[in-house]
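Engineer: In terms of the numbering used here, the first sequence opens at residue 54 and continues consecutively.
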Amino acid sequence: MSDRIHITTAIFYCNGAPHVGSAYEALAADVFARAMRRRHGADRVSFLSGTDEHGDKIRRAALAESLAPKAYTDKMSALFRDVFAGLNTTFDYWVRTTDPGHEKFVQEMLTRTNQRGDIYFRDYEGLYCVDCERFYTEKELLPGNVCPAHNRPVELISEGNYFLRIDKYREEVREKIRSDELCIRPERYKNEALNMLAEPLADLCISRPKTRLDWGIEIPFDTRYVTYVWYDAFWAYVSAPAARLGLDEFMAGAWPHTEHFIGKDILKTHAVYWPPILLAAGLPLPRHLNVHGWLNFGGSRMSKSSGNVRDPLYYETTFGPDVLRYFVMREVVYGLDGDFSEERLIERYNADLANDLGNLTSRVLAMVQRYLGGVISSAPAQENLAAAEDKHLYQNFRGISGDFSQPDALQTTVVDLVGKLEFKTALELLWNLLDVANKYVAATAPFTLAKDPANLPRVASILANLVEALRVIADMLEPFMPVTSGKILALLNVDAATARQPFGAGIKSGHKVNPPVALFPRIEKPKSA
RNA sequence: GGCGGCGUAGCUCAGUUGGUUAGAGCAUGCGGCUCAUAUCCGCAGUGUCGCAGGUUCGACUCCUGCCGCCGCCA
């Protein structure tokens, strides 16, 4: 099944509550997953997320709350899962790195890699930052041997550890990235990754002695050690599907078509370390690293310390479902940093959701009720209808780029844009169609025609066209705004099969629709100016 | 220090291989409609396209230098 596809978010390190930045990644991946289900079929897409629960930072976060590590991560993992569920993400797998199945899988990979010969043991002395959970060279440190990331002194530690050969695979990985066999996008991050691979790399220390850290997965061939948290977490992308399908089948099927969604802060781990980890285990590489930027909050980086983080569900409960989703997909260019603010979100809400999408739905359904008693007594337009307005509407909804030979060209275009991570462009295209529909109302003025009963057939055909237009928009909106899409389709009273039809092939004469409801009530600006 | 990116209307940004009066949305002003969530439609704008040179018949688009902001690597 070569067209199977595996989609992942990063495995979230759950030493703090999820924020809008984590939500952004999950939402982008979810929009992508939903679009890919449309292209390939739901049973050919798997979508995976989960929590990374080992390591010293977790152990200490648990300690701070007087909890055992596992009790702490039980709580945190559930919190992440519930927040993402509240955002209507559609994960097929929710992996926890403390799942017994995952731990067993990581041990299998360690054994396998060790047998293949790319793990070795040596004594190591180095300067270690507990916050980073990594060793530093003196050149990397600030004066006084201070960690540049945490601004605190590092410790000199001497111990034996297991290492994975990384540099051995450097040229191979570099070539795969250069040739786009492992495609990193947007391209600027590909260049950065190639840059990182240009110089010799130190091998990766993959163990921690239990004497220093016991909150981890035990190394099967030396029980005095646990694995380093990164090595453990990467395998979360693989362990659950491998358990369900069998490793060989998963590797032969979906895995080479994996789409990783990651933040730019973990590009290096995914471009430099993850590929050798796979290659050393004799496994193929994923297809894409889809790297996104950061979401800034009112100009400054979102962070717990600056106090500008909010629970993502706050936006869900305050503004309604899909609003946060719409905002981040419409406003942020994937790959670049984006600016998030509640003011901006309200602007978008009023301009795009209330005035355009909500109001068009409302006015069309109101007219159907008032003039037709709720029943569409006509069929929507076809290409060769005489009225210029009808033809224009038809062409816009059916013939993107003037290609009328493909009835679902519009659908394909939207899905393709999502496939290229052009979420914003896809939404702009849909909003352009809302514009076309509003202009159609102005040009045909059914509310004026309706004053004369003799015009009723024409009024009916105009409204049939508009209901059809709404139907097509609602359907294509589904990956971006699943709840709203469902609401509009319910108002239009169309079933799932009808919803997917190209323009002109959906609503039939005699179809009954429901009265309007305000989908997105306008938000009045606060008095303070 | 090395590599790379960015700087376009009040705001957020588009501008494909250089080609006619530089675009969109939001915000602003004026006009129109009234089915609709005071929504919708039309019109009007404003820009030394960071600065200075260069290549060219012609550059926002290519080259050089400078200023400012940023990312990655060291």
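All residues carry an ideal CB built from backbone N, CA and C; glycine is no exception.
#1: Quick check for students: name the residue ranges of the alpha helix (DSSP H) that lie wholly in the stretch 268–329, counting only runs of 4 or more.
#2: Beta-carbon within less than 6 Å of V570's beta-carbon, same chain only, minus the 5 sequence neighbours each way: which residues are those?
#3: Given a cut-off of 7 Å on the beta-carbon distance, is the pair R451 and F556 in contact?
#4: Reducing DSSP to helix, strand and coil, say where N518 ends up.
#5: Pick out whichever of R91, P328, T322, V282 has its Cα sitting closest to the Cα of L463.
#6: What's the call for L389, buried or exposed, on a 16-neighbour Cβ count within 10 Å?
#7: Can you look up N485 in the DSSP assignment and give me helix, strand or coil?
#8: List the whole-angstrom C-beta distance separating F188 from G179, where the pair is believed to meet the contact cut-off of C-beta under 8 Å.
#9: What residues are listed by DSSP as bridge partners for N343?
#10: Please go through the same chain and pick out, in chain order, the residues whose beta-carbon is closer than 6 Å to the beta-carbon of A339, but skip the five residues on each side of it.
#11: Report all residues from its chain with a CB closer than 6 Å to the CB of S454; omit the five preceding and five following residues, and keep chain order.
#12: Does the stretch 525–544 come close enough to the stretch 492–510 to have 3 or more Cβ pairs within less than 8 Å?
#13: Look at the Cβ atom of Y146, then the Cβ atom of A293, and state whether they are nearer than 7 Å.
#14: Helix, strand or coil, according to DSSP, for G139 in the structure here?
#15: From A295 to R113, what does the alpha carbon distance come to, in whole angstroms?
#16: Just the Cα atoms here: how many angstroms apart are T322 and L516?
#17: Is the distance from the Cβ of T150 to the Cβ of S130 below 7 Å?
#18: Rounded to the nearest angstrom, what separates T142 and L80 at their Cα positions?
#19: Name the residue from S394, R231, L366 whose alpha carbon lies nearest to the alpha carbon of F350.
#20: Quick one: using the 10 Å Cβ neighbour count with 16 as the cut-off for buried, is N18 buried or exposed?
#21: So, at 6 Å on beta carbons, what are the nonlocal neighbours of L530 in its own chain, with the 5 sequence-adjacent residues on each side left out?
#22: Can you tell me whether R205 is helix, strand or coil according to DSSP?
#23: Taking the C-alpha atoms as reference points, what is the distance between E475 and E118?
#24: Do N518 and A434 come within 7 Å of each other at the CB atom, strictly closer than that value?
#25: DSSP on L389, reduced to helix/strand/coil?
#26: Can you look up G557 in the DSSP assignment and give me helix, strand or coil?
#27: Can you check whether the CB of L250 is closer than 7 Å to the CB of I219?
#28: State yes or no: is the C-beta of F573 within less than 7 Å of the C-beta of L342?
#29: Going by DSSP, which residues form a beta bridge with E212?
#30: Could you tell me whether the Cβ atoms of V467 and A479 are closer together than 7 Å?
#31: Which whole-angstrom value describes the C-beta separation of L487 and V520, a residue pair presumed to lie in contact below a C-beta threshold of 8 Å?
#32: Could you pull out every residue in the same chain whose Cβ sits closer than 8 Å to the Cβ of Y215, ignoring the five residues on either side in sequence?
#33: Going by other Cβ atoms of all chains shown within 10 Å of its Cβ, with 16 needed for buried, is L116 buried or exposed?
#34: Give me, in chain order, the residues of the same chain whose beta-carbon lies closer than 6 Å to that of T551; leave out the 5 immediate sequence neighbours on both sides.
#35: Is it right to say E384 is buried, meaning 16 or more other beta carbons lie within 10 angstroms of its own, or is it exposed?
#36: Report the rounded CA-to-CA distance for G299 versus V325, giving the unit in angstroms.
Structural biologist: The short version:
#1: 282–287, 289–298, 300–305
#2: none
#3: yes
#4: helix
#5: R91
#6: exposed
#7: helix
#8: 4 Å
#9: R238, F314
#10: The sequence given here places Pro at residue 339; Ala does not occur at that position. Closer than 6 Å at the Cβ level, and outside the excluded window around P339, lie T311, H313.
#11: Annotation note: pLDDT 49 at S454 (below 50); position unreliable, no value reported.
#12: no
#13: yes
#14: helix
#15: 31 Å
#16: 55 Å
#17: no
#18: 7 Å
#19: S394
#20: An answer regarding residue 18 cannot be provided, because it is not within the stretch 54 to 582 covered by the chain.
#21: S538
#22: coil
#23: 42 Å
#24: yes
#25: coil
#26: coil
#27: no
#28: no
#29: Y177
#30: yes
#31: About 14 Å separates the two Cβ atoms, so there is no contact after all.
#32: I172, Y173, F174, C258, I259, S260, I272, D275, Y278
#33: exposed
#34: G559
#35: buried
#36: 27 Å
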